[in-house]
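This note's numbering numbers the first residue of the sequence shown as 683 and each following residue consecutively.
Virtual Cβ for every residue (Gly too), placed ideally from N, Cα, C.
Source: prediction; values computed, not measured.
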Amino acid sequence: MSYNIHLTQSFKQSVKRLGKRYRHVKDDVSKVIESLAHTPTAGALIPGSAGVRKLRVNNSDMAKGKSSGYRLLYLMSDSPDSKLYLLLLYAKSDQTDVTKRDLDELIEALKTETAVTDTQGDAPSEGSPTITKTPE
């Protein structure tokens, strides 16, 4: 099964911000996005995050490998539409990890974004991700 990739506003903003410092960020991320469409479970599941996954992405502008590259946060939809929501991209050198609060904000922004899309008629209502908070 192949997943449809949806770029959230927060993801687009983070790529744009990183693009000012790293010329090849779009190329680096594009390669990973293509593979994610076919292997969406490649990223490590973040405990207590309602299903958000984190994946290491190589930064070709730095000669240090994946461990010093980018981190891509994404969420797979539980609905039958097979969507993959890219939430955030950040450089490991800028931020070591994301907080629970950051994750909650990303999920809330996704809910708002998909609700707006649904009311505008751009997507059917069943296209919204089914997101449930996991107890900690």
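Enumerate in chain order the residues of its own chain whose CB-to-CB distance from residue i is below 8 Å, with the five nearest sequence positions on each side excluded.
i: G701; result: V707, K708
i: S684; result: A719, H720, S764
Assuming residue i and residue j make a contact with CB atoms under 8 Å, what is their CB distance in whole Å?
i: V660; j: V734; result: Given that the chain is displayed from residue 683 to residue 818, the structure contains no residue 660 and the question cannot be resolved.
i: L769; j: S692; result: 6 Å
Which partner residues of residue i appear in the DSSP bridge assignment?
i: V739; result: Y752
i: Y772; result: R753
Taking only three categories from DSSP, how would you classify residue i?
i: I687; result: strand
i: V734; result: strand
i: A797; result: helix
i: P811; result: With a pLDDT of 46 at P811, under the threshold of 50, the modelled position of that residue is not reliable, and the figure given next carries that caveat. Coil, per DSSP.
i: A719; result: coil
i: K702; result: coil
i: A791; result: helix
Given residue i, which residues of its chain have a CB within under 6 Å of its CB, disregarding the five upstream and five downstream residues?
i: K736; result: G725, A726, I728, R753, L755
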